[in-house]
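Take a look at the structure below.
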Amino acid sequence: MSTERDTGTAAVATAAPAPTPTTEIDSSLDPYTAILELAERELQLARDGRIEDLRSLAPKWDALTAGLPQRPPASARTPLERAAALHERTSATLQCMREALLCDLRTTARASRAAHGYANQAPRRVHRVDQSA
Numbered sequence: 002m003s004t005e006r007d008t009g010t011a012a013v014a015t016a017a018p019a020p021t022p023t024t025e026i027d028s029s030l031d032p033y034t035a036i037l038e039l040a041e042r043e044l045q046l047a048r049d050g051r052i053e054d055l056r057s058l059a060p061k062w063d064a065l066t067a068g069l070p071q072r073p074p075a076s077a078r079t080p081l082e083r084a085a086a087l088h089e090r091t092s093a094t095l096q097c098m099r100e101a102l103l104c105d106l107r108t109t110a111r112a113s114r115a116a117h118g119y120a121n122q123a124p125r126r127v128h129r130v131d132q133s134a
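Quick look at the structure:
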């Protein structure tokens with residue numbers, strides 16, 4: 002497991018995402034290899050904070066897994082185990098991102114309350130003309 006973590010929200014893509022190379026998952030491959038490639042793509046998108054692109058992969062998962070047998074063949078063991086490990090890493094990455102966003106929201110809410118508190122206590126300016134001049 003990698004010890005690298007990006008706990009900042011800078012990883013979340015807020016602007017238009019950079020164009021990605023069109024590395025389409027080749028479904029003509031062994032379906033289990035295609036699942037592994039899709040899991041790798043998901044992890045990369047999660048690391049890049051490209052949540053909408055990650056969400057758009059759901060139909061591809063459905064299409065890849067729709068025709069699979071109930072019990073996979075023995076040859077599918079390695080790619081499926083690797084895909085499961087990648088899913089765990091993707092989940093952990095998304096969980097870290099979620100925690101960072103929640104922390105930022107709490108900080109923003111606290112700062113907002115403080116700002117409103119100070120705004121209500123601002124001294125009133127009274128414009129007086131100095132008569133001694």
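Okay, so the sequence shown: first residue is 2 according to my numbering, each after it adds one.
Every residue, glycine too, gets a C-beta built ideally from N, C-alpha and C.
Given the structure is predicted, the values throughout are model-derived calculations rather than measurements.
Residues of its chain near residue i, where Cβ-Cβ distance is below 7 Å and the 5 sequence neighbours each way are ignored
i, result
"residue 40", "84, 87, 88"
"residue 107", "none"
"residue 62", "39"
Sub-9 Å separation of residue i and residue j beta-carbons
i, j, result
"residue 55", "residue 65", "no"
"residue 37", "residue 90", "no"
"residue 42", "residue 58", "yes"
"residue 33", "residue 60", "no"
"residue 67", "residue 31", "no"
Any non-hydrogen atom of the ligand GTP closer than 8 Å to residue i Cβ
i, result
"residue 73", "The ligand GTP is absent from the structure shown, which contains no ligand whatsoever."
Cβ shell of residue i (< 6 Å), same chain only, five flanking positions each side left out
i, result
"residue 119", "none"
"residue 114", "none"
"residue 28", "With a pLDDT of only 48 at residue 28, under the threshold of 50, the placement of this residue in the model should not be trusted; the figure read from the coordinates follows. Result list for residue 28: 35, in chain order."
"residue 80", "33, 34, 37"
From the options, residue whose alpha carbon lies closest to that of residue i
i, options, result
"residue 53", "69, 95, 70, 75", "95"
Own chain residues within Cβ distance below 8 Å of residue i, not counting five before or after
i, result
"residue 23", "Any reading at residue 23 must be qualified, since the residue scores a pLDDT of 41, below 50, and its modelled position is unreliable; no value is offered."
Chain C contact for residue i (CB, 9 Å cutoff)
i, result
"residue 85", "Within the model displayed, chain C is absent; a lone protein chain is all it includes."
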